[in-house]
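Each residue of the sequence shown is one higher than the last, beginning at 1 in my numbering.
All C-beta atoms, glycine included, are put in the ideal place defined by N, C-alpha and C.
Okay, structure first, notes after.
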Amino acid sequence: MTGFEIFWPVVAHVALVFALYALLSTRRSAVVRAGKAEPSEFRENRGEPSESLVVRNSIANQFELPVLFHACCVLLYITAADNLLAVGLAWVFVGFRYAHAFVHVTSNRLRHRGPLFLAGFVMLAAMWAWLALWMAMN
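Next up, the structure:
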């Protein structure tokens, strides 16, 4: 390992956030062109059409649990606990974030979104548990 592998999943998550912002812009433009909303309605985000609202909510979701992911990755790096296990867990977490976001902005079915969120949550909890174990052992 070169020492920066733990940050590639972070970069991949940031790419997801940028992609969601691009999708939000596309969907908002589409609802304005379709006459379903006025541009001024997005200023305070009241009454936003569901086509763009689900994307906005998905973006907001990327700044909740993933904040703990980003912090954990930095701490894993600082403590030298960023081994193959940690990097693997980080990639699996990001994979679940992509899957969760995909469901969120397409079907938005909770019966699919819920398990994906939970799986990501478990991966993140495992990352934090590994960090705690590493620090206790060293």
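Inset, instruction - Decide if the region 24-42 is in contact with the region 124-131; the criterion is three or more beta carbon pairs, one per stretch, under 8 Å apart. - result: Taking a cut-off of 8 Å on C-beta distances, the region 24-42 does not touch the region 124-131, as fewer than three cross pairs fall below it.
Legend entry - Beta carbon of residue 63 nearer than 9 Å to that of residue 96: The count along the sequence shown starts at 1 and reaches residue 63 at position 63. The count along the sequence shown starts at 1 and reaches residue 96 at position 96. No, the Cβ-Cβ distance between residue 63 and residue 96 is not below 9 Å.
Inset, instruction - Decide if the region 77-95 is in contact with the region 18-27; the criterion is three or more beta carbon pairs, one per stretch, under 8 Å apart. - result: Fewer than three beta-carbon pairs drawn from the region 77-95 and the region 18-27 are found closer than 8 Å, and the two stretches are therefore not classed as touching.
Legend entry - Length of the line joining the Cα atoms of residue 13 and residue 70: Locating residue 13 in the sequence shown gives position 13, counting from the first residue. Locating residue 70 in the sequence shown gives position 70, counting from the first residue. Between the alpha carbons of residue 13 and residue 70 lies a distance of about 9 Å.
Legend entry - Rounded C-alpha distance that separates residue 67 from residue 31: Your numbering for residue 67 matches position 67 in the sequence shown. Your numbering for residue 31 matches position 31 in the sequence shown. Residue 67 and residue 31 have their C-alpha atoms roughly 30 Å apart.
Legend entry - Inter-residue spacing [alpha-carbon to alpha-carbon] between residue 59 and residue 104: The residue given as residue 59 occupies position 59 in the sequence shown. The residue given as residue 104 occupies position 104 in the sequence shown. About 10 Å.
Inset, instruction - Give the single residue among 44, 85, 90 and 36 whose Cα lies nearest to the Cα of residue 11. - result: As a first step, residue 11 is located in the sequence shown; it is residue number 11 there, counting from the start. Among 44, 85, 90 and 36, the Cα nearest to that of residue 11 belongs to 90.
Inset, instruction - Ignore the nearest five residues each way along the sequence and tell me which others in residue 99's own chain have a CB closer than 7 Å to its CB. - result: Numbered from 1 along the sequence shown, position 99 holds the residue referred to as residue 99. For residue 99, same chain residues with a beta-carbon under 7 Å away, outside a window of 5 residues either side, are 116 in chain order.
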